[in-house]
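Participant:
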Amino acid sequence: MQKRTLDLKRIVSRIDDLPTLPRTVLKITELVNDPKSSAKDLARVITDDQILTARLLKLVNSSFYGLPQRISTVTGAIVLIGFDAIRNLLLTTSVFDLFADRNKKKQQKQEKFWDHSLGCAVGAKVIGNYLRYDNIEELFVAGLLHDIGKIVEMMFQPHEFSKVVAVISRENILMITAEIRILGYSHAEIGKLLAEKWNLPSKLVQIIAHHHQPNDAGSFAMEAAIVHLADIFCRSLNMGSGGDNKIPPLDRIAWESLKIQTNAIEGIMETMRDEYGDIRSFI
Amino acid sequence: MIRVNIADLKPGMVLAHSVRNHQGVMLLGAGTKITKKNIRIFKSWGVIDVSVAGELDEPRAAGEMPVAEENEAVEMELKEKFSDVMADSVMVEIFNAASKLLMKDLPKNKNAKKNSRP
Numbered sequence: 488m489q490k491r492t493l494d495l496k497r498i499v500s501r502i503d504d505l506p507t508l509p510r511t512v513l514k515i516t517e518l519v520n521d522p523k524s525s526a527k528d529l530a531r532v533i534t535d536d537q538i539l540t541a542r543l544l545k546l547v548n549s550s551f552y553g554l555p556q557r558i559s560t561v562t563g564a565i566v567l568i569g570f571d572a573i574r575n576l577l578l579t580t581s582v583f584d585l586f587a588d589r590n591k592k593k594q595q596k597q598e599k600f601w602d603h604s605l606g607c608a609v610g611a612k613v614i615g616n617y618l619r620y621d622n623i624e625e626l627f628v629a630g631l632l633h634d635i636g637k638i639v640e641m642m643f644q645p646h647e648f649s650k651v652v653a654v655i656s657r658e659n660i661l662m663i664t665a666e667i668r669i670l671g672y673s674h675a676e677i678g679k680l681l682a683e684k685w686n687l688p689s690k691l692v693q694i695i696a697h698h699h700q701p702n703d704a705g706s707f708a709m710e711a712a713i714v715h716l717a718d719i720f721c722r723s724l725n726m727g728s729g730g731d732n733k734i735p736p737l738d739r740i741a742w743e744s745l746k747i748q749t750n751a752i753e754g755i756m757e758t759m760r761d762e763y764g765d766i767r768s769f770i
Numbered sequence: 003m004i005r006v007n008i009a010d011l012k013p014g015m016v017l018a019h020s021v022r023n024h025q026g027v028m029l030l031g032a033g034t035k036i037t038k039k040n041i042r043i044f045k046s047w048g049v050i051d052v053s054v055a056g057e058l059d060e061p062r063a064a065g066e067m068p069v070a071e072e073n074e075a076v077e078m079e080l081k082e083k084f085s086d087v088m089a090d091s092v093m094v095e096i097f098n099a100a101s102k103l104l105m106k107d108l109p110k111n112k113n114a115k116k117n118s119r120p
């Protein structure tokens, strides 16, 4: 227990060295949170950044949204998909840039994590759709970021991380089990620290922190349960790799709370697989 | 390029990609003409299939067996992943759905396999 507190403290202090989000994304988060800002204000900030503009238009015009007509202006995109969706889109595409690594071997590993995250994001979106959840955009981002703590460990604690990886490959266990045994904390806790540092909405912070124990996520237990299930689905379908080769156990309380019919599982997973294929081709 | 099951591999075929064992150690480099001895070594390392140069034509005739074997490999891999959680009836449903979907992907879309390598 002592070691755990010490280590987490050390990591918190080192988190200052962690990359911050691009200024544009921070500015956009600020604008989205301000009820007085208009689509025009938001468009001005986005169009200042050519890469973000290009990405936004690409994503808005992708099959993910399936809009009937082509959107060619940033203002048009904002009006159509909404402020929150824009923030989430830009957050999504920016986050993984931050962790881009020039090291080839690490890069491969990160790509697998990225695929796993993307699979989980698509899964959360499809489950949300099935449950008629009203903000599937947010679920998508939550799925994408749920394992961000693993990336932090990989990049900022390479020594500890390699010990965890060694135990996983020797004993074929879940990463979270290995982390808790060796480090005394898990990627969920690290992810939470980073999400807090980035001032992400508390819903995202809670989902990241509790995707293995959704019931601890308080008022966001449902969202955490969705990401928890999406994680299981995408691992079952071999979408990327979460760093281990095991399926985490299903939290029964979370499962019961979602009230998904057992005979709907296959349909959900099939939709997930199709959408994953689509989205992988354009991100 | 064709993906050929180890059982259908013939001496003289040319490797399109290098072959590695499960630990990632390279056994034979891309572009090499395969010999009898190479095939024996692949087998002893448990290599399931390799990519060889060429177009998909007559090896397809012998295509029934490899698919069945690949199905088996997919199911084994999945079983291993689920080995700790099969006491849960919902997990069994998820396992069955995943196994069905992964099999469906196999014959028609072999390229997708790249993403599922552990």
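Chains A and B supply the protein sequences, listed in that same order.
Numbering of the first sequence is given in the numbering used here, commencing with residue 488 and proceeding in unit increments.
Numbering of the second sequence is given in the numbering used here, commencing with residue 3 and proceeding in unit increments.
The beta-carbon is built from N, C-alpha and C at its ideal position, and this holds for glycine as well.
Checking contacts by CB at 8 angstroms: is R5 (chain B) closer than that to chain A?
Facilitator: Position 3 of the second sequence, counted from the start, is the residue given in the question as residue 5 (chain B). No, R5 (chain B) does not count as interfacial toward chain A.
Participant: For L543 (chain A) and chain B, any beta-carbon pair shorter than 8 angstroms?
Facilitator: As a working note, residue 543 (chain A) is residue 56 in the first sequence. Not an interface residue.
Participant: Here's a check: name, in chain order, each residue in its chain whose Cβ is nearer than 7 angstroms to the Cβ of A526 (chain A), leaving out the five neighbours to either side.
Facilitator: Indexing the first sequence from 1 puts residue 526 (chain A) at position 39. These residues qualify, in order along the chain: T562, I565, V566.
Participant: From R510 (chain A) to I558 (chain A), what distance separates their C-alpha atoms?
Facilitator: Translated into the one-based positions of the first sequence, residue 510 (chain A) becomes position 23. Translated into the one-based positions of the first sequence, residue 558 (chain A) becomes position 71. Cα to Cα, R510 (chain A) sits roughly 25 angstroms from I558 (chain A).
Participant: Under 8 angstroms between the Cβ atoms of E95 (chain B) and I713 (chain A)?
Facilitator: Counted from its first residue, the second sequence places residue 95 (chain B) at position 93. Counted from its first residue, the first sequence places residue 713 (chain A) at position 226. Going by C-beta atoms, E95 (chain B) is not nearer than 8 angstroms to I713 (chain A).
Participant: Please state if the CB of I614 (chain A) and the CB of I755 (chain A) are separated by a distance shorter than 8 angstroms.
Facilitator: Locating residue 755 (chain A) in the first sequence gives position 268, counting from the first residue. Locating residue 614 (chain A) in the first sequence gives position 127, counting from the first residue. Cβ atoms of I755 (chain A) and I614 (chain A): closer than 8 angstroms.
Participant: Within this structure, are the beta carbons of I669 (chain A) and K650 (chain A) separated by less than 8 angstroms?
Facilitator: Counting from 1 along the first sequence, the entry for residue 669 (chain A) is found at position 182. Counting from 1 along the first sequence, the entry for residue 650 (chain A) is found at position 163. Yes; because the gap between Cβ atoms is below 8 angstroms, this pair is in contact.
Participant: Thinking C-alpha only, which one of A:N702, A:E683, A:N659 is nearest G730 (chain A)?
Facilitator: Within the first sequence, numbered from 1, the residue matching residue 730 (chain A) stands at position 243. Ranking the options by Cα distance to G730 (chain A), first place goes to A:N659.
Participant: So N7 (chain B) and E71 (chain B) are in contact, right, with Cβ under 8 angstroms, and what is the actual spacing, rounded?
Facilitator: Taking the first residue of the second sequence as 1, we reach residue 7 (chain B) at position 5. Taking the first residue of the second sequence as 1, we reach residue 71 (chain B) at position 69. Between E71 (chain B) and N7 (chain B) the Cβ distance is about 6 angstroms, and since that is below 8 angstroms, they are a contact.
Participant: Just to confirm my understanding: we take A629 (chain A), look at its own chain, exclude 5 residues before and 5 after, and list those with CB closer than 7 angstroms. What are they?
Facilitator: The sequence position of residue 629 (chain A) within the first sequence is 142, counting from 1. Closer than 7 angstroms at Cβ, skipping near neighbours: A611, L691, I694, E710, V714.
Participant: Inspect the CB distances between the stretch 567–577 of chain A and the stretch 603–610 of chain A and report whether three or more fall short of 8 angstroms.
Facilitator: Taking 8 angstroms as the limit for Cβ pairs, the verdict is that the stretch 603–610 of chain A does not touch the stretch 567–577 of chain A.
Participant: Got a sec? Which residues, its chain only, sit under 7 angstroms from A18 (chain B) by beta carbon, not counting five neighbours each side?
Facilitator: Taking the second sequence and counting its residues from 1, the one referred to as residue 18 (chain B) is at position 16. Counting only Cβ-Cβ distances below 7 angstroms, and skipping sequence neighbours, we find M3, A32, S53, V54, A55.
Participant: Nearest to N16 (chain B) by CA position, among B:K35, B:D51, B:G26, is which residue?
Facilitator: Residue numbering aside, residue 16 (chain B) sits at position 14 when the second sequence is read from its first letter. According to the sequence shown, residue 16 (chain B) is Val rather than Asn. Of the candidates B:K35, B:D51, B:G26, the one whose C-alpha sits nearest the C-alpha of V16 (chain B) is B:K35.
Participant: At a Cβ cut of 7 angstroms, what residues of the stretch 749–761 of chain A count as close to chain B, listed as they run along the chain?
Facilitator: Within the stretch 749–761 of chain A, the residues whose Cβ lies closer than 7 angstroms to some Cβ of chain B are T749, I752, E753, M756, E757, R760, listed in chain order.
Participant: Flag this pair as touching only if the stretch 18–30 of chain B and the stretch 40–48 of chain B have three or more C-beta atom pairs under 8 angstroms; answer yes or no.
Facilitator: Yes, since at least three Cβ pairs between the stretch 18–30 of chain B and the stretch 40–48 of chain B fall closer than 8 angstroms, the two stretches touch.
Participant: List the residues of chain B that F720 (chain A) touches, going by C-beta distances under 9 angstroms, in chain order.
Facilitator: Taking the first sequence and counting its residues from 1, the one referred to as residue 720 (chain A) is at position 233. I96, A99, A100, listed in chain order.
Participant: Against L103 (chain B), what residues of chain A qualify as contacts under a CB-to-CB distance less than 8 angstroms, listed in chain order?
Facilitator: Your numbering for residue 103 (chain B) matches position 101 in the second sequence. Those are L724, E753, M756, E757, R760, listed as they occur along chain A.
Participant: Of all the options A:S581, A:L513, A:S673, which has the alpha carbon lying nearest to the alpha carbon of V532 (chain A)?
Facilitator: Numbered from its first residue, the first sequence carries residue 532 (chain A) at position 45. Nearest of A:S581, A:L513, A:S673 to V532 (chain A), Cα basis: A:L513.
Participant: Three-state secondary structure (DSSP) at I4 (chain B)?
Facilitator: Working through the second sequence from its first residue, we reach residue 4 (chain B) at position 2. I4 (chain B) falls in the strand class under three-state DSSP.
Participant: Taking A696 (chain A) as the reference, which of A:K679, A:Q556, A:K637 has the closest Cα?
Facilitator: Taking the first sequence and counting its residues from 1, one reaches residue 696 (chain A) at position 209. With distances taken between Cα atoms, A696 (chain A) lies closest to A:K679.
Participant: Report the rounded CA-to-CA distance for T749 (chain A) versus V639 (chain A), giving the unit in angstroms.
Facilitator: Along the first sequence, one-based indexing puts residue 749 (chain A) at 262. Along the first sequence, one-based indexing puts residue 639 (chain A) at 152. Going by the C-alpha atoms only, they are around 36 angstroms apart.
Participant: With three or more beta-carbon pairs closer than 8 angstroms as the criterion, would you say the stretch 719–726 of chain A touches the stretch 87–107 of chain B?
Facilitator: Touching, yes.
Participant: Express the C-alpha separation of K523 (chain A) and S728 (chain A) in angstroms, rounding to a whole number.
Facilitator: Position 241 of the first sequence holds residue 728 (chain A). Position 36 of the first sequence holds residue 523 (chain A). About 42 angstroms.
Participant: Under three-state DSSP, which class holds L724 (chain A)?
Facilitator: For the purposes of this step, residue 724 (chain A) is taken as the residue at position 237 of the first sequence. Correct three-state label for L724 (chain A): coil.
Participant: On the DSSP letters alone, give me the boundaries of the beta strand (DSSP E) that D761 (chain A) sits inside.
Facilitator: Against the first sequence, residue 761 (chain A) aligns to sequence position 274. Careful: D761 (chain A) lies outside any beta strand (DSSP E), inside the alpha helix (DSSP H) at 752–767.
Participant: Need the endpoints of the beta strand (DSSP E) that S53 (chain B) sits in, please.
Facilitator: For the purposes of this step, residue 53 (chain B) is taken as the residue at position 51 of the second sequence. Here the beta strand (DSSP E) through S53 (chain B) covers 51–54.
Participant: Would you tell me roughly how many angstroms separate the C-alpha atoms of S581 (chain A) and M78 (chain B), rounded to the nearest one?
Facilitator: As a first step, residue 581 (chain A) is located in the first sequence; it is residue number 94 there, counting from the start. As a first step, residue 78 (chain B) is located in the second sequence; it is residue number 76 there, counting from the start. If I take the Cα positions, the gap works out to 38 angstroms.
Participant: Please check if any C-beta of chain B sits within less than 8 angstroms of the C-beta of P701 (chain A).
Facilitator: As a working note, residue 701 (chain A) is residue 214 in the first sequence. So no, P701 (chain A) is outside the interface.
Participant: Give me, in chain order, the residues of the same chain whose beta-carbon lies closer than 6 angstroms to that of F44 (chain B); leave out the 5 immediate sequence neighbours on both sides.
Facilitator: Mapped onto the second sequence, residue 44 (chain B) falls at position 42. The residues are I8.
Participant: In angstroms with no decimal places, state the Cα-to-Cα distance between A704 (chain A) and K38 (chain B).
Facilitator: To locate residue 704 (chain A), count along the first sequence from 1; it is residue 217. To locate residue 38 (chain B), count along the second sequence from 1; it is residue 36. Distance between the alpha carbons of A704 (chain A) and K38 (chain B): 59 angstroms.
Participant: Can you give the beta carbon distance from L576 (chain A) to L626 (chain A), rounded, assuming they're within the 8 angstroms contact cut?
Facilitator: One-based indexing of the first sequence puts residue 576 (chain A) at position 89. One-based indexing of the first sequence puts residue 626 (chain A) at position 139. 14 angstroms between Cβ atoms; not a contact.
Participant: Take the Cβ of D761 (chain A) as the centre, count every other Cβ of all protein chains shown within 10 Å, and call the residue buried at 16 or more, exposed below.
Facilitator: To locate residue 761 (chain A), count along the first sequence from 1; it is residue 274. Label assigned to D761 (chain A): exposed.
Participant: On the three-state DSSP scale, how would you describe M105 (chain B)?
Facilitator: Counting from one through the second sequence, the residue named residue 105 (chain B) turns up at place 103. Correct three-state label for M105 (chain B): helix.
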